[in-house]
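Heads up, the thing below is written out as structure tokens.
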């Protein structure tokens, strides 16, 4: 199952992304956490020191190699140069299994406290004035488009802050989206904005209240958010200690129960591969018409394989990652 954490800057979505990933892995579940925020702090939230963050190879630095691997021998994608972030898999594409032995995982995973951490990479000085941060998210979208994840497997993505999360079709790649909202008028207004986008595209959305200091805060969120409010988190001495580099103590029982509520909400979702593939095609065609055809000089609508059916049933008819030669980088 794929889970996105979204919210305005400073709401605590990175902290809660890390907490949720750690909570899942402590139960024995396989977990990949992806730092897709312009401020790359998920590794720190998971327990890495600042000088350890550079050990993982960012996805955005090997985008061409990732494309070359994923396209496999799909005849509709003759080269990595004409493969864009929304290009959907088809017959001959290489599909990924969570934490598999394929070069995408083996090259880009950095294990942190049992969590497989991948990063998009920072917005570098050479990007200023010539690129937007969404250009670095292309590898994440391709990864999720080509991933076949089973029940009990989890991908937790810390998304970029604000409504920018909806600036590409990436927001449709998730089974559940958690909006982290503070008990303020601004927090509520962000929720309403997200709710409108999510409803339009049928994206499941639940709200996680954060920095809730008492019953008045909880009632404020409940009044303005209603049944979309799933759980609330208050101050945690354990989290603050980790943020200061001290790994002592444990979460409060009420916070562990709140994390359980989040997992229950995720596990109650039914994987809908048909909708997943339909939305992938829809956004690919949108991107092709808007910019990608012009950028590549190709009609990228021809990349859509009308006979391809995504999901576990696609694996026997496609080459498993181990069956192909080739490396990334």
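In UniProt numbering, the protein residues as written are 1 to 329.
For each residue, glycine too, the CB sits at the ideal point set by N, CA and C.
7 Å CB neighbourhood of residue i in its chain, flanking five on each side removed
i	result
residue 13	5, 6, 7, 158 and 180
residue 319	Here the model assigns residue 319 a pLDDT of 44, short of 50, so the residue's position is not dependable, and the following value carries that caveat. For residue 319, where only same-chain residues beyond five positions count, the Cβ hits under 7 Å are 72 and 94.
residue 48	112
residue 237	249
residue 269	1, 175, 176 and 204
residue 222	229
residue 70	93, 94, 142 and 146
residue 258	231, 232 and 233
residue 36	120, 137, 140, 157, 158, 159 and 160
residue 251	236 and 238
Opposing strand residues paired with residue i [DSSP bridges]
i	result
residue 5	158 and 178
residue 119	35
residue 212	In the DSSP output, where bridge partners are listed per residue, residue 212 has none listed.
residue 111	116
residue 231	208
residue 147	96
Own chain partners of residue i with C-beta closer than 8 Å, once the 5 adjacent residues on each side are dropped
i	result
residue 169	86, 141, 279, 280, 282, 283, 284, 286 and 287
residue 29	152, 153 and 154
residue 247	47 and 241
residue 245	49
Integer-rounded CB distance, given that residue j should sit under 8 Å from residue i
i	j	result
residue 271	residue 196	At roughly 25 Å, the Cβ-Cβ gap does not stay under 8 Å, so residue 271 and residue 196 are not in contact.
residue 18	residue 46	5 Å
residue 100	residue 74	With a Cβ gap of about 19 Å, residue 100 and residue 74 do not count as contacting.
residue 373	residue 3	The structure shown has nothing for residue 373, since the chain only spans 1 to 329.
residue 182	residue 210	6 Å
residue 230	residue 261	6 Å
residue 117	residue 56	6 Å
residue 25	residue 298	Actually they are not in contact, since the Cβ atoms of residue 25 and residue 298 sit about 42 Å apart, beyond 8 Å.
residue 115	residue 21	5 Å
For residue i, the nearest candidate out of the options (CA to CA)
i	options	result
residue 352	19, 63 and 91	The chain is shown from 1 up to 329; residue 352 falls before or after that span and cannot be answered.
residue 249	258, 239 and 257	239
residue 253	267, 233, 247 and 152	233
residue 301	88, 103 and 35	88
residue 38	65, 58, 261 and 144	58
residue 194	244, 114, 166 and 15	166
residue 78	311, 315, 303 and 313	303
residue 274	108, 145 and 241	145
residue 312	83, 171, 148 and 152	148
residue 108	80, 66 and 306	66
residue 228	171, 259, 206 and 214	206
residue 98	40, 114, 295 and 32	32
residue 44	70, 188, 16 and 26	16
residue 184	225, 150 and 202	225
residue 294	76, 84, 213 and 115	84
residue 27	188, 296, 263 and 307	263
residue 217	188, 40 and 307	188
residue 214	245, 235 and 40	235
residue 267	150, 202 and 296	150
Burial state of residue i (16 or more Cβ within 10 Å)
i	result
residue 198	buried
residue 277	buried
residue 309	exposed
residue 186	exposed
residue 219	exposed
residue 323	Residue confidence for residue 323 is low, a pLDDT of 36 falling below 50, so the modelled location carries little weight and cannot support an answer.
residue 177	buried
residue 289	exposed
residue 42	buried
residue 256	exposed
residue 102	buried
residue 172	buried
residue 305	buried
residue 315	exposed
residue 110	buried
residue 23	buried
residue 105	buried
residue 241	exposed
residue 192	exposed
residue 76	buried
Beta-carbon contacts of residue i that lie in its chain and below 6 Å, excluding the five residues immediately before and after
i	result
residue 136	60, 120 and 121
residue 190	8
residue 132	Low confidence applies to residue 132: its pLDDT is 46, below 50, so where it sits in the model is not reliable, and the reading given next is rough at best. Contacts found: none.
residue 80	64, 67 and 68
residue 292	84 and 300
residue 127	Only weak support exists for where residue 127 lies, its pLDDT of 47 falling under 50; the coordinates are left without a value.
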